[in-house]
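So that you can map any letter, position 110 of the sequence shown is 110 in UniProt numbering, and since no number is skipped, the others follow by simple counting. All C-beta atoms in this analysis are idealised placements derived from N, C-alpha and C, irrespective of residue type, glycine included. What follows is a short report on a single structure.
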Amino acid sequence: MATLPPKLKTVITANERLQNLKNTFETKYGESPLFYACAPGRVNLIGEHIDYCGYSVLPMAIEPSILAAVSVNNSGTIKLANANPLYKDFTVSCSEDISIDRENPKWHYYFLCGVKGIQEKFGIAHLAGMSCVVDGTIPPSSGLSSSSALVCCAGLVTMEANQKSLSKVALAEICAKSERYIGTEGGGMDQSISFLAERGTAKLIEFQPLRATDVKLPDGAVFVISNCCVEMNKAASSHFNIRVVECRIATKVLAQARGLDSSRFLKLVQVQTELKASLEEMLTLVDEVLHPEPYSREEICKVLNVTSEQFSTELLSANTRHVTHFKLYQRAKHVYGEAARVLRFKSVCDSEPAESVRVLGDLMNQSHASCRDLYECSCPELDQLVDICLKSGAVGSRLTGAGWGGCAVSMVPDEKVESFLQAVSEAYFLPDPRRAAMEKQSLFVSKPGGGATIFLEE
Numbered sequence: 001m002a003t004l005p006p007k008l009k010t011v012i013t014a015n016e017r018l019q020n021l022k023n024t025f026e027t028k029y030g031e032s033p034l035f036y037a038c039a040p041g042r043v044n045l046i047g048e049h050i051d052y053c054g055y056s057v058l059p060m061a062i063e064p065s066i067l068a069a070v071s072v073n074n075s076g077t078i079k080l081a082n083a084n085p086l087y088k089d090f091t092v093s094c095s096e097d098i099s100i101d102r103e104n105p106k107w108h109y110y111f112l113c114g115v116k117g118i119q120e121k122f123g124i125a126h127l128a129g130m131s132c133v134v135d136g137t138i139p140p141s142s143g144l145s146s147s148s149a150l151v152c153c154a155g156l157v158t159m160e161a162n163q164k165s166l167s168k169v170a171l172a173e174i175c176a177k178s179e180r181y182i183g184t185e186g187g188g189m190d191q192s193i194s195f196l197a198e199r200g201t202a203k204l205i206e207f208q209p210l211r212a213t214d215v216k217l218p219d220g221a222v223f224v225i226s227n228c229c230v231e232m233n234k235a236a237s238s239h240f241n242i243r244v245v246e247c248r249i250a251t252k253v254l255a256q257a258r259g260l261d262s263s264r265f266l267k268l269v270q271v272q273t274e275l276k277a278s279l280e281e282m283l284t285l286v287d288e289v290l291h292p293e294p295y296s297r298e299e300i301c302k303v304l305n306v307t308s309e310q311f312s313t314e315l316l317s318a319n320t321r322h323v324t325h326f327k328l329y330q331r332a333k334h335v336y337g338e339a340a341r342v343l344r345f346k347s348v349c350d351s352e353p354a355e356s357v358r359v360l361g362d363l364m365n366q367s368h369a370s371c372r373d374l375y376e377c378s379c380p381e382l383d384q385l386v387d388i389c390l391k392s393g394a395v396g397s398r399l400t401g402a403g404w405g406g407c408a409v410s411m412v413p414d415e416k417v418e419s420f421l422q423a424v425s426e427a428y429f430l431p432d433p434r435r436a437a438m439e440k441q442s443l444f445v446s447k448p449g450g451g452a453t454i455f456l457e458e
């Protein structure tokens, strides 16, 4: 795999979306773009909420993406506009410190996360002036990584505009880190697949060190994405970070129970590595050490021998300080179980047994049940949609992305795709006028797409 993001010459008039974006840019700024940058969204096939615990995940890039048209100048400002009029223009000075308001996660702050990441990586005192128009085809707050794709696109744009060069892996790591400026404590899957994806294959993404391995998906079935049409903005709510914190606390309690120095551990994978245990042994350990009833702050402080103030400052994030009870058993049980399902999913794809489609479908169904019951990151509409997908012919269906809304991904045998799409449309979308209006971009077959790319006009 090439280490640098591809830079391709392309005929703009041959691509309707590029041509439309160029027209919008020229109308807005009175000049032509110097280059274009594209970062895809993703669908995670299996491995939910485990990347920030250090475990491998199995996503693929999708066709919907964030596309930016860019010109470079000496104006001393970065001008941002969006092709969608719902998103307002924004201008920031290149010489002032870029500040990101995590209390108010507007679209341009995600872009500025990517800018700030590159600026800090290279210690650039004065960034190049830029004019940008951004166009997104990933439904927002849908669990398909619209926000991370925007951060990745901005990182790629800023690197190119300032004539720097970075590998795909370095870009993914910088963008994963810089997205935390907006307040979400994600694990890096979204940024990794956006840069490391390759057309025609899903990827097993592993961390520490970051690497991506091809996963050939089985013949005879396709993946269909369906949006339940409930939006969930990770940065605007605390659900996501509460789960991160619960996993962090569970890590420390498990470490302490096995006589380890809990201050050294932040991720559940670290306890497994230190104990040289299998995932099955970690699931047994969870049953032995953690109780299913929620833990109070007082109990956690007593177990870890920390003060209430230490607990707040060292274990909680800014938007989780209000939480009084934590479900450690359920969260750890999900993470270790889901990590095992990812490895099994890849193993089945690699060995291609005759019943691989059925086995993979079963793993997806187990994953959804765990997300719903142990991690509690589903919602009634998602559960209803998953149920409809299974009744409509899917062999497996599960929520994808952070959850609490957004999309389901379903594995559907080739011969059932048309009847599946029709049945889901009739059962979920058409009865509700709002969903019916969104159906075109909310129900589609997805094939593995390529990674982030720079385009130059030929």
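When the Cα of I62 is compared with those of E381, F223 and A332, which residue comes out closest? Within the sequence shown, residue 62 is the residue found at index 62, counting from 1. I62 has its Cα closest to that of F223, out of E381, F223 and A332.
Between T400, W404, K416 and P40, which has its C-alpha nearest S226's C-alpha? In the sequence shown, the residue the question calls residue 226 occupies position 226. Nearest option by C-alpha distance: T400.
Between the segment 11-26 and the segment 140-147, do three or more beta carbon pairs fall short of 8 Å? no
Measuring only the C-alpha atoms, how far is V253 from V306? To locate residue 253, count along the sequence shown from 1; it is residue 253. To locate residue 306, count along the sequence shown from 1; it is residue 306. Straight-line Cα distance between these residues: approximately 12 Å.
Whole-angstrom distance between S192 and I46, CA atom to CA atom: For the purposes of this step, residue 46 is identified with residue 46 of the sequence shown, where counting begins at 1. For the purposes of this step, residue 192 is identified with residue 192 of the sequence shown, where counting begins at 1. Approximately 15 Å, taken between the alpha carbons.
What three-state label does DSSP hand R258 in the structure shown? As a position in the sequence shown, residue 258 is number 258, starting the count at 1. If DSSP states are grouped into helix, strand and coil, R258 belongs with coil.
Where D135 falls, given that 16 or more other Cβ within 10 Å makes a residue buried: Counting from 1 along the sequence shown, the entry for residue 135 is found at position 135. Buried is the call here.
Should A81 go down as buried or exposed, given a rule of 16 or more other Cβ atoms within 10 Å for buried? On the sequence shown, residue 81 is found 81 positions in, with the first residue counted as 1. When all chains shown are included, A81 counts as buried.
Roughly how many angstroms separate the alpha carbons of K333 and L279, rounded to a whole number? Position 333 of the sequence shown, counted from the first residue, corresponds to residue 333. Position 279 of the sequence shown, counted from the first residue, corresponds to residue 279. Spanning the two alpha carbons is a distance of roughly 10 Å.
Starting from E415, follow the beta strand (DSSP E) in both directions and report where the run begins and ends. Within the sequence shown, residue 415 is the residue found at index 415, counting from 1. Looking at the DSSP string, E415 is not in any beta strand (DSSP E), and its letter there is neither H nor E.
Suppose the cutoff is 7 Å on Cβ atoms and the five residues either side in sequence are ignored; what does the same chain contact list for V11 look like? Stepping through the sequence shown from its first residue, residue 11 is reached at position 11. So the list reads E458, once near-sequence residues are dropped.
In terms of residue numbering, what span does the alpha helix (DSSP H) encompassing V445 cover? Position 445 of the sequence shown, counting from 1, holds the residue named residue 445. Looking at the DSSP string, V445 is not in any alpha helix (DSSP H); the run it does join, the beta strand (DSSP E), is L443 to S446.
By Cβ distance, which residues of its chain are closer than 8 Å to L58, with the 5 residues on each side in sequence left out? As a working mapping, residue 58 is identified with position 58 in the sequence shown. Cβ neighbours of L58 beyond the five flanking positions: N44, L45, I46, G47, A202, K203, L204, I205, V215, V342, F345 and K346.
If you pair each beta-carbon of the segment 125-140 with each one of the segment 63-70, do three or more pairs fall below 8 Å? yes
Quick check on DSSP: helix, strand or coil for L112? Locating residue 112 in the sequence shown gives position 112, counting from the first residue. Residue state, collapsed to three classes: helix.
Which residues DSSP lists as bridging R211, in chain order: Walking along the sequence shown from the start, residue 211 turns up at place 211. According to DSSP, R211 bridges with E206.
Starting from the N-terminal side, write out each stretch of the alpha helix (DSSP H) that is 4 residues or longer and does not extend beyond the UniProt domain "Galactokinase N-terminal" (24-71). none
Exposed or buried, which one is G259 when buried takes at least 16 other CB atoms within 10 Å? By one-based count along the sequence shown, residue 259 stands at place 259. G259 comes out exposed.
Test item: CB-CB of L304 and I249 under 9 Å: Counting from one through the sequence shown, the residue named residue 304 turns up at place 304. Counting from one through the sequence shown, the residue named residue 249 turns up at place 249. It is a contact, given that the beta carbons lie within the stated cut-off.
Is N162 helix, strand or coil when you go by DSSP? As a first step, residue 162 must be located in the sequence shown, where it is residue number 162. It is coil, neither helix nor strand.
Count the other C-beta atoms from every protein chain shown that fall within 10 angstroms of the C-beta of L112, then say buried if there are 16 or more, exposed otherwise. Residue 112 sits at position 112 when you count from the first residue of the sequence shown. L112 should be labelled buried.
If distances are taken between C-alpha atoms only, which option among C153, F195 and N73 comes closest to Y109? Counted from its first residue, the sequence shown places residue 109 at position 109. It is C153 whose Cα lies nearest to the Cα of Y109.
Just how far apart, CA to CA, sit N86 and C301? Residue mapping note: residue 86 aligns to position 86 of the sequence shown, counting from 1. Residue mapping note: residue 301 aligns to position 301 of the sequence shown, counting from 1. Position check: residue 86 holds Leu in this sequence, whereas Asn was assumed. About 46 Å.
Whole-angstrom C-beta distance between L4 and K168, which should lie under 8 Å: Here residue 168 refers to the residue found at position 168 when the sequence shown is read from its first residue. Here residue 4 refers to the residue found at position 4 when the sequence shown is read from its first residue. Right, the Cβ-Cβ distance comes to about 7 Å (below 8 Å), so this counts as a contact.
May I ask you to report which of helix, strand or coil DSSP gives G449? Numbered from its first residue, the sequence shown carries residue 449 at position 449. Strand, per DSSP.
With DSSP as the reference, identify every bridge partner of L80, one or two as the case may be. By 1-based counting over the sequence shown, the position of residue 80 is 80. Bridge partners of L80: F90 and C132.
Straight-line Cα distance separating V244 from L390: Counting from 1 along the sequence shown, the entry for residue 390 is found at position 390. Counting from 1 along the sequence shown, the entry for residue 244 is found at position 244. L390 and V244: Cα-Cα distance of roughly 30 Å.
Ignore the nearest five residues each way along the sequence and tell me which others in L275's own chain have a CB closer than 7 Å to its CB. Working through the sequence shown from its first residue, we reach residue 275 at position 275. Cβ neighbours of L275 beyond the five flanking positions: R258.
Straight-line CA distance for E352 to P218? Translated into positions along the sequence shown, residue 352 becomes position 352. Translated into positions along the sequence shown, residue 218 becomes position 218. Going from the Cα of E352 to the Cα of P218 covers about 7 Å.
Whole-Å CB distance - I98 paired with Q119, under 8 Å assumed: Locating residue 98 in the sequence shown gives position 98, counting from the first residue. Locating residue 119 in the sequence shown gives position 119, counting from the first residue. I98 to Q119, Cβ: 7 Å. Contact.
Using a threshold of 9 Å, state whether the C-beta atoms of H49 and G403 are closer than that. Here residue 49 corresponds to residue number 49 of the sequence shown, with the count starting at 1. Here residue 403 corresponds to residue number 403 of the sequence shown, with the count starting at 1. Closer than 9 Å, so yes.
Who are R398's beta bridge partners in DSSP? Looking up residue 398 in the sequence shown gives position 398. According to DSSP, R398 bridges with V409.
Using CA atoms only, rank isn't needed, just tell me which of E314, E179 and F35 is closest to M130. Numbered from its first residue, the sequence shown carries residue 130 at position 130. Considering only alpha carbons, the answer is F35.
If you run the structure through DSSP and keep just helix, strand and coil, what is A339? What you label residue 339 is simply residue 339 of the sequence shown in a count that begins at 1. In this structure, A339 counts as helix in the three-state DSSP scheme.
Residues in its own chain within less than 6 Å of F25 by CB, not counting five upstream and five downstream? Along the sequence shown, one-based indexing puts residue 25 at 25. Excluding sequence neighbours, F25 sits near P33, A69 and V133.
Could you check whether the segment 360-379 touches the segment 172-190, counting it as contact only if at least three pairs of C-beta atoms, one from each stretch, sit closer than 8 Å? no
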